[in-house]
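Visitor:
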Amino acid sequence: MSASPRWQHQLKWLLLATVAASILHYADNLLYFEQYPEPPWINRSMVDAFWFMMTPLAWIGYGLIRSGCHHSGTLALLAYAAGNLLSLGHYRYAPMCSIDPRINTLILLEAVLACALVSFLVVPYWLTRGLART
Numbered sequence: 001m002s003a004s005p006r007w008q009h010q011l012k013w014l015l016l017a018t019v020a021a022s023i024l025h026y027a028d029n030l031l032y033f034e035q036y037p038e039p040p041w042i043n044r045s046m047v048d049a050f051w052f053m054m055t056p057l058a059w060i061g062y063g064l065i066r067s068g069c070h071h072s073g074t075l076a077l078l079a080y081a082a083g084n085l086l087s088l089g090h091y092r093y094a095p096m097c098s099i100d101p102r103i104n105t106l107i108l109l110e111a112v113l114a115c116a117l118v119s120f121l122v123v124p125y126w127l128t129r130g131l132a133r134t
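The C-terminal position of the sequence shown is numbered 134 in the working numbering, with every residue numbered one higher than the one before it.
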């Protein structure tokens, strides 16, 4: 599967938006750590470390796709999107209605963009491999 220049351009902008949303969420989480519902074992350093381990996957995946390694790049980007979706885990520790609207907005923005990224990556496979044959 080859990625067209137009598709790559759209992917770049979607990745920039997703990374920007994760920067906003993680920065807010670090600055206002006490306001975020978290498991008792997690601390600021762990949140910070996770972001620095997760985010390079976006640029590694994009670079792989640009260099023609579409499948490997897609896997890296899906792993990155999964990392972003982990932000929904905050709702495991507190109901949405008890969380500050600012925090909800940042969590949901990151999750929505991660879902958009997954869709953007998976739909071309789905159309060319499965759905087109039925």
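All C-beta atoms, glycine included, are put in the ideal place defined by N, C-alpha and C.
All values derive from a computational prediction rather than experimental measurement.
Give me, in chain order, the residues of the same chain whose beta-carbon lies closer than 8 Å to that of K12; leave out the 5 immediate sequence neighbours on both sides.
Guide: So the qualifying residues of the chain are Y62.
Visitor: Does the beta-carbon distance from L78 to V118 come in below 8 Å?
Guide: Closer than 8 Å, so yes.
Visitor: Is the CB-CB distance between A76 and L15 below 8 Å?
Guide: The answer is no: Cβ separation not under 8 Å.
Visitor: Using CA atoms only, rank isn't needed, just tell me which of H9, Q10, E38 is closest to I103.
Guide: Nearest C-alpha to I103: E38.
Visitor: Determine the extent of the alpha helix (DSSP H) in which P5 is found, giving its start and end residues.
Guide: 5-31 is the span of the alpha helix (DSSP H), which, as asked, contains P5.
Visitor: With distances taken Cα to Cα, identify the nearest neighbour of T74 among A21, W41, Q35, P124.
Guide: Out of A21, W41, Q35, P124, P124 has the C-alpha closest to the C-alpha of T74.
Visitor: For A49, which of A27, H70, E34, I60 has the nearest alpha-carbon?
Guide: Checked all of A27, H70, E34, I60; the closest Cα to A49 is A27.
Visitor: Judging by CA-CA distance, which residue of L109, W126, V122, F120 is the nearest neighbour of S22?
Guide: For S22, the nearest C-alpha among the options comes from L109.
Visitor: Can you tell me which of the three DSSP states Y125 falls into?
Guide: Note: Y125 maps to helix in three-state DSSP.
Visitor: Report the three-state DSSP secondary structure of E38 (helix, strand or coil).
Guide: Of the three classes helix, strand and coil, the one that applies to E38 here is coil, per DSSP.
Visitor: Quick check on L75 - is its C-beta less than 8 Å from some C-beta in chain D?
Guide: Absent from the structure: chain D. Only one protein chain is present.
Visitor: Please classify N43: is it buried, with 16 or more other beta-carbons within 10 angstroms of its beta-carbon, or exposed?
Guide: Exposed: under 16 other Cβ atoms inside 10 Å.
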